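K.L.:
Mind looking over this structure? Questions follow.
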Amino acid sequence: MAILELKDVTKKFGGLTAVDGVNLKVEPHQICALIGPNGAGKTTVFNMITGAYQVSSGDVIFDGESICGKKPHQIVEKGIARTFQNIRLFKSATVLDNVMTGFHCKTKTGMFNVIFQPGKCRREEEECRQKSLEILRFLGLEDVKDHEAGSIPYGHQRLLEIGRALATGPKLLLLDEPAAGMNSQEKKELVDIIYKIRDRYDLAVLLVEHDMELVMGISENITVISFGRRIADGTAEEIQNNNDVIEAYLGRSDD
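Under numbering that gives the first Met the number 0, the sequence shown has 252 at position 253, and the numbering climbs by one with no breaks.
What follows is the structure in structure tokens.
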């Protein structure tokens, strides 16, 4: 059974149809990509999956259950985490504190515990701290754990945002332009990290990315949308040889 399935998902903003009847599947432990020209509707699809936008019609099925109508924090709790094209870190907080915020949806202590069971709160806080350090160690960021997030190199900020997403304990990780702004070496390291994340945390990955070399090299399945509609779905080789995809990216020849 697919971990994620979009069934004829449509999103309208007034009279504008941004996404039109898109179908998409991600299997467990799979690395998939959603690609298309600028303005194709890729981020809108991500926003519908994560509850930032409600679908106009169709259905989003996650782990066998419809998640349409659920709020973003409820979807995170169910096991979907995402990063953003524009990095959204708490830049004045430390690297460690940024990852620890990701555990918020998993903590069990409330105001009652803070007042009447402070020891329990401290134990849970320490547990979150140790798990956060483990994530930073895995991503190679432990040495900068006490640095302000906004002060570390750009590529490390990208990894930190992934680390914060991992702290939520996802079954599906959505990466929105994870290689944006990275140099060639950083992109190679990112590919290695994505494979390691998939294997270590036993999750599926769906990424939106404009770097076609990265997409073709890492994706087990690729869905292509153009003007809000799905025009192709398949392996890297099938997508590279698909005339509709070539036309969407390069335009139609008049010859």
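Glycine included, C-beta positions come from ideal geometry on N, C-alpha and C. Computed from a prediction, not measured in an experiment: that's the story for all the values here.
#1: Count Cβ pairs between the region 85-104 and the region 129-139 that sit closer than 8 Å; are there 3 or more?
#2: Taking residue 28 as the reference, give the member of 231, 234, 241 and 169 with the closest Cα.
#3: Within this structure, are the beta carbons of residue 10 and residue 18 separated by less than 8 Å?
#4: Please identify the residue among 162, 183, 180 and 59 whose C-alpha is closest to the C-alpha of residue 193.
#5: Alpha carbon to alpha carbon, how far is residue 240 from residue 63?
#6: Between residue 173 and residue 206, what straight-line distance do the alpha-carbon atoms span, to the nearest angstrom?
#7: Any chance you could list the alpha helix (DSSP H) runs of at least 4 consecutive residues sitting entirely within the region 194-230, in chain order?
#8: For residue 45, is the classification buried or exposed, using 16 other Cβ atoms within 10 angstroms of its Cβ as the cut-off for buried?
#9: Report the three-state DSSP secondary structure of residue 17 (helix, strand or coil).
#10: Can we count residue 101 as close to the ligand NAP, meaning its CB is less than 7 Å from some heavy atom?
#11: Mapping DSSP to helix, strand and coil, what is residue 124?
#12: Straight-line CA distance for residue 2 to residue 40?
#13: Along the alpha helix (DSSP H) that carries residue 173, what are the first and last residues, could you check?
#14: I think residue 140 touches residue 155, with their Cβ atoms under 8 Å apart; what is that distance to the nearest whole Å?
#15: Using a threshold of 8 Å, state whether the C-beta atoms of residue 89 and residue 77 are closer than that.
#16: According to DSSP, what are the bridge partners of residue 31?
#17: Check whether the region 81-98 and the region 182-191 touch, using three or more Cβ-Cβ pairs below 8 Å as the test.
#18: Going by DSSP, what residue range makes up the alpha helix (DSSP H) through residue 154?
#19: Can you grab the Cα-Cα spacing for the pair residue 31 / residue 148, in whole Å?
P.N.:
In brief:
#1: yes
#2: 169
#3: yes
#4: 162
#5: 33 Å
#6: 6 Å
#7: 211-217
#8: buried
#9: strand
#10: In the structure on display, the ligand NAP does not appear, and there are no ligands present to speak of.
#11: helix
#12: 22 Å
#13: That residue, residue 173, is in no alpha helix (DSSP H); its beta strand (DSSP E) goes 171-175.
#14: 6 Å
#15: no
#16: 205 and 220
#17: no
#18: 153-165
#19: 29 Å
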